[in-house]
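Here the structure is laid out as structure tokens; the discussion comes afterwards.
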Ligand code: NI
């Protein structure tokens, strides 16, 4: 287990452009393992490397599968290929604990990314998976979700941290 400190609020690491990973080595592998440990321990569904102070393009996501089982996905140098549709919902971030806000995101995403070994994979998904991909990829460009928060539509009731 390697729990890393999650950078919070005004930490400069959260507002910087991250660089591509060029070495698929043991150090990257340890970073990804630690990111999963840190995310699960904090009860999150996604974490980006800058949130643990590493300015590299690495994210981990686990929104679970349809049966509620773990479905860990690691993405190194992710690149969004397609997006479509629109979803609105409450979103939070491990770097801003105790807060959430209504954010609109595309409902569908297709993304390609390397794994820790340098093998390229393609992923597609809707709903929460798509939301997590956009949220985490934004982190790699130094963007947090707060400026995207807007008023939920009249009568919107779903609450989700
Ligand atoms: Ni976040």
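In the numbering used here, the protein residues as written are 3 to 163.
The beta-carbon is built from N, C-alpha and C at its ideal position, and this holds for glycine as well.
Being a predicted model, the structure only gives us computed values, none of them experimental.
| query | result |
| --- | --- |
| Under 7 Å: does the beta carbon of residue 102 sit that close to some heavy atom of ligand 1? | no |
| By DSSP, does residue 101 sit in helix, in strand, or in coil? | coil |
| In the DSSP output, which residue or residues are listed as bridge partners for residue 82? | 113 |
| Does ligand 1 have a heavy atom nearer than 7 Å to the CB of residue 139? | no |
| Report yes if the CB atom of residue 54 is closer than 8 Å to the CB atom of residue 6, and no otherwise. | yes |
| Can we count residue 15 as close to ligand 1, meaning its CB is less than 7 Å from some heavy atom? | no |
| Which partner residues does residue 77 have in the DSSP bridge list? | 61 |
| Would you mind sorting residue 79 into buried or exposed? The rule is 16 or more other CB atoms within 10 Å of its CB. | buried |
| Would you mind reading off the limits of the alpha helix (DSSP H) that contains residue 129? | 129 to 142 |
| Please work out which residues of its chain come closer than 8 Å, Cβ to Cβ, to residue 72, disregarding the five sequence neighbours upstream and downstream, and give them in chain order. | 64 and 66 |
| Could you tell me the boundaries of the beta strand (DSSP E) in which residue 120 lies? | Run containing residue 120: none; DSSP gives neither H nor E here. |
| Kindly list the residues whose CB is nearer than 8 Å to the CB of residue 122, restricted to its own chain and excluding five residues on each side of it in sequence; keep chain order. | 114, 115 and 116 |
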